[in-house]
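J.:
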Amino acid sequence: MTKLAAAILVHSIDQALEAAGRAASLGADLVEYRIDLFADDPGAVEDLIGCSPLPCIITCRPTWEGGQYDGDDRDRISMLEASVLGEHQPTYLDIELAAFQRSFNLRQKVGLMVDHPAQVRPVETGLILSSHDFEQRPMDLLQRVEAMAASTTCRVIKIVWMAKSLRDNLEAFEILQGQYKPTIALCMGEAGLPSRVLAKKFGAMLSFAAIDGDEATAPGQPTLTQMKKLYRWDAINAQTKVYGVIGHPVAHSASPAIHNGGFDATDFDGVYLPMPIAPSYEAFKATVGAWLDMTDLHFRGASVTIPHKQNLIQFVREQGGEVEELAQKIGAANTLTVRDDGSLFASNTDYAGALDAVVESLGIERHELADFRVAVIGAGGAARSIVAGFAHYGATVTVYNRTREKAQLLADELGCGDGKIIAASLETLCESVSQVFINCTPLGMHPHVDQSPIEPTHFGKNWGPGTVVFDTVYNPRFTKLIKDAREAGCVTIDGTQMFIRQAAAQFELWTGTDAPLAEFEKILLSELG
Ligand code: NAP
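Using this note's numbering, you'd call the opening residue of the sequence shown number 0 and step up by one each time.
In structure tokens form, the structure reads like this:
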């Protein structure tokens, strides 16, 4: 079973033991004591091993391998001999492959400290041979793995490199699949997160996590709490289906918390990850194509956001998949679903989220929107989906935009001459006789919280009780527009309602079950603080 290890940079015995105690209470199975800065006191290291609340790895990482020990190898190995061969032995000792390969003397000494087939001394410590590249995938990556696999002294192979793209993770998974020895294969950096979370899916010997956010010992290392709670570590197994949010950037997306929370609440065997992909069609196609090709990964779908919403349509079309008619018309899709037969489906749940938020607050069905006049403020990406959705269900939509020409362009493209979409300039909004107003501009969004697309004085003239005011902005939840509209007695819908409903529609496509909406709302509100 793959273990979850917390790495601790040792400054003092008390600090390291306190940290190890916290790691144990947060669910770590193992700790790695990084004694890089504590290498001059082997007696204290022996005490640390003896008092450790969890089985431990002892590592004294030199500066030339990304650590902080700047002494020479002879002193380092002598110190390790003195600390690990005492009464209390660590479970593992980590030595860099490069040091192991270049010195016969070091190999001999390490051979005396660890358990291996030719060992005659009563030692139980296993040797982890490790190799790290903090810049990129090393050219000789596979040769390094082969060298570790070939060493009879080595019990565990550890290979770590900086991921340049999500595709690096796939090679880490292939290394895990190809080894008969316990193996750790991890990618660093934001793009390497899948290798850390999915290490368990591919039977790695362990994955590392930090105790706190500021205690990470490698770039991109999540915390123990993130691994356990956000990324569902305990639930992950070889069959777990993988989903994610594809975009650039995606680091601050609330979607992983929402979907993983939904998987938890419904006991669905899935995990949802941030998936940063560089902003080009080539990068999207190469990455998504490679993730789909690796069948054991069980990559089953993704939320797709800026700048890849058009790329998703092109990709799915090229792969012979199906593109939802309305997504095609909008020219943007935000959801990739991989069906059971492997075929791809691209759809747009942004419009569905907005439609459902409005019809639910009106207590009507979508087709009853035909009797409604809807004012959409803005003519960008969000407006495009919403205008298409409401027009599709028969509403008369007027697009009010600062740049009127863009509103006209949108009306011409989406209207197809049926007269249901009308373009107007933003200045004429106050004359509108619409029953539903939807803000699709960023006005009012943090930090410009005192802005609003509608002057408060306009409320109360044509608009008041019965008028629906919907702000797609969800940060803050209650924008100036929402507050002014409430004061005027309007029915209000805040942006979180659209967000959770578009996520719910994705969840339903992927899992075939109803999304736990109340749970989604609770998670989003806590993410927004
Ligand atoms: P976008 O493509 O950049 O479009 C922005 C639109 O807002 C444009 O029409 C622009 O007018 C208008 N605009 C920008 N600044 C303005 C200003 N100072 N005064 C008047 N109009 C202004 O952005 P988007 O992707 O559509 O996103 C818009 C907003 O929708 C976001 O801020 C986000 O909060 C919200 N959103 C919410 C959800 C959700 O799930 N709740 C989902 C997606 C988006 P011009 O054409 O004149 O430049």
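Where is the CB? At the ideal position from N, CA and C, for every residue including glycine.
#1: Enumerate in chain order the residues of its own chain whose CB-to-CB distance from Leu-361 is below 7 Å, with the five nearest sequence positions on each side excluded.
#2: Have a look at Gly-177 and Glu-359 and give me their C-alpha separation to the nearest angstrom.
#3: Is Met-0 near ligand 1, with its Cβ less than 6 Å from a heavy atom?
#4: Start and end of the beta strand (DSSP E) containing Val-196?
#5: Going by beta carbon distance, what residues of the same chain come within less than 6 Å of Glu-95, once the five residues before and after it are set aside?
#6: Using the DSSP secondary-structure output, state which residues sit across from Phe-283 in a beta bridge.
#7: Select from Glu-123, Gln-118, Pro-452 the residue whose C-alpha is nearest the C-alpha of Glu-426.
#8: Threshold first: 4 residues or longer. Then list the alpha helix (DSSP H) segments lying entirely within the stretch 86-129, N to C.
#9: Going by C-alpha to C-alpha distance, which of Thr-440, Asp-74, Thr-224 sits closest to Ala-256?
#10: His-391 and Leu-325 - do their beta-carbons sit closer together than 7 Å?
#11: Kindly indicate which residue of Pro-248, Phe-207, Ala-162, Ala-117 has the alpha-carbon position closest to the one of Pro-137.
#12: What residue range does the beta strand (DSSP E) around Asp-470 cover?
#13: Would you kindly report the start and end of the unbroken alpha helix (DSSP H) that includes Trp-160?
#14: In the DSSP assignment, find the unbroken alpha helix (DSSP H) run with Asn-259 in it and report its ends.
#15: What is the residue span of the alpha helix (DSSP H) that Arg-73 lies within?
#16: Measuring straight from C-alpha to C-alpha, what distance separates Val-432 and Ala-422?
#17: At what residues does the beta strand (DSSP E) containing Val-386 begin and finish?
#18: Find the nearest neighbour of Gly-488 within the set Asp-355, Leu-480, Thr-495, judged by alpha-carbon distance.
#19: Tell me which residues share the same chain as Gly-416 and place their Cβ nearer than 6 Å to its Cβ, disregarding the 5 neighbours each side in the sequence.
#20: If Ser-254 sits next to Ala-502, beta carbons under 8 Å apart, how far is it from one beta carbon to the other, in whole angstroms?
#21: Evaluate Ser-77 with the Cβ neighbour count: other Cβ atoms within 10 Å of its Cβ, from every protein chain shown; 16 or more gives buried, anything less gives exposed.
#22: By a C-beta neighbour count over all protein chains shown, 10 Å radius and 16 as the cutoff for buried, is Glu-317 buried or exposed?
#23: Could you give the C-beta distance for Thr-90 and Thr-124, rounded to a whole number, given that I count them as a contact under 8 Å?
#24: Spatial neighbours of Cys-50 within its chain, please: CB distance less than 8 Å, with the 5 preceding and 5 following residues excluded, ordered by chain position.
#25: When burial is assigned at 16 or more other CB atoms within 10 Å of the CB, is Arg-231 buried or exposed?
#26: Buried or exposed: where does Met-0 fall if 16 or more other Cβ atoms within 10 Å of its Cβ makes it buried?
#27: Note down, in chain order, each residue of its chain lying with its Cβ closer than 8 Å to the Cβ of Ala-4, except the 5 sequence neighbours on either side.
#28: Look at the alpha carbon of Val-398 and the alpha carbon of Ala-356, and state the distance between them as a whole number of angstroms.
#29: Take Leu-217 and list the residues in its own chain whose beta-carbon comes closer than 6 Å to its own, dropping the five residues that flank it on each side.
#30: Taking the alpha carbon of His-247 as the reference point, which residue from Asn-310, Ile-158, Lys-2 has its own alpha carbon closest?
#31: Excluding the 5 residues preceding and the 5 following Glu-86 in the sequence, name in chain order all residues of the same chain whose CB lies nearer than 8 Å to its CB.
#32: According to the neighbour-count rule (16 or more other Cβ atoms, all chains shown, within 10 Å of its Cβ), is Ala-117 buried or exposed?
#33: Please report the distance separating the alpha-carbon of Glu-170 from that of Ile-156.
#34: DSSP three-state label for Asn-400, please.
#35: Can you tell me the Cα-Cα spacing of Ala-382 and Ile-376, whole angstroms?
T.: Once the coordinates are examined:
#1: Val-467
#2: 52 Å
#3: no
#4: It is not in any beta strand (DSSP E) - Val-196 instead sits in the alpha helix (DSSP H) that spans 192-196.
#5: Glu-64, Ser-129
#6: Note: Phe-283 sits in no beta bridge, so no partner.
#7: Pro-452
#8: 96-101, 103-112
#9: Thr-224
#10: yes
#11: Ala-162
#12: 467-470
#13: That residue, Trp-160, is in no alpha helix (DSSP H); its beta strand (DSSP E) goes 153-161.
#14: 254-265
#15: 72-83
#16: 14 Å
#17: Premise fails: Val-386 lies in the alpha helix (DSSP H), 380-391, not in any beta strand (DSSP E).
#18: Leu-480
#19: Because Gly-416 sits at a pLDDT of 49, beneath the cut-off of 50, its placement in the model cannot be relied upon, and the point is left open.
#20: 7 Å
#21: exposed
#22: exposed
#23: 7 Å
#24: Ile-12, Leu-16
#25: buried
#26: exposed
#27: Ala-27, Asp-28, Leu-29, Val-30, Glu-31, Ile-56, Leu-205, Ser-206, Phe-207, Ala-208
#28: 19 Å
#29: The sequence shown places Ala at residue 217, rather than the Leu named in the question. Excluding residues within five positions, the ones whose Cβ falls inside 6 Å are Met-187.
#30: Asn-310
#31: Glu-45, Gly-49
#32: exposed
#33: 15 Å
#34: strand
#35: 7 Å
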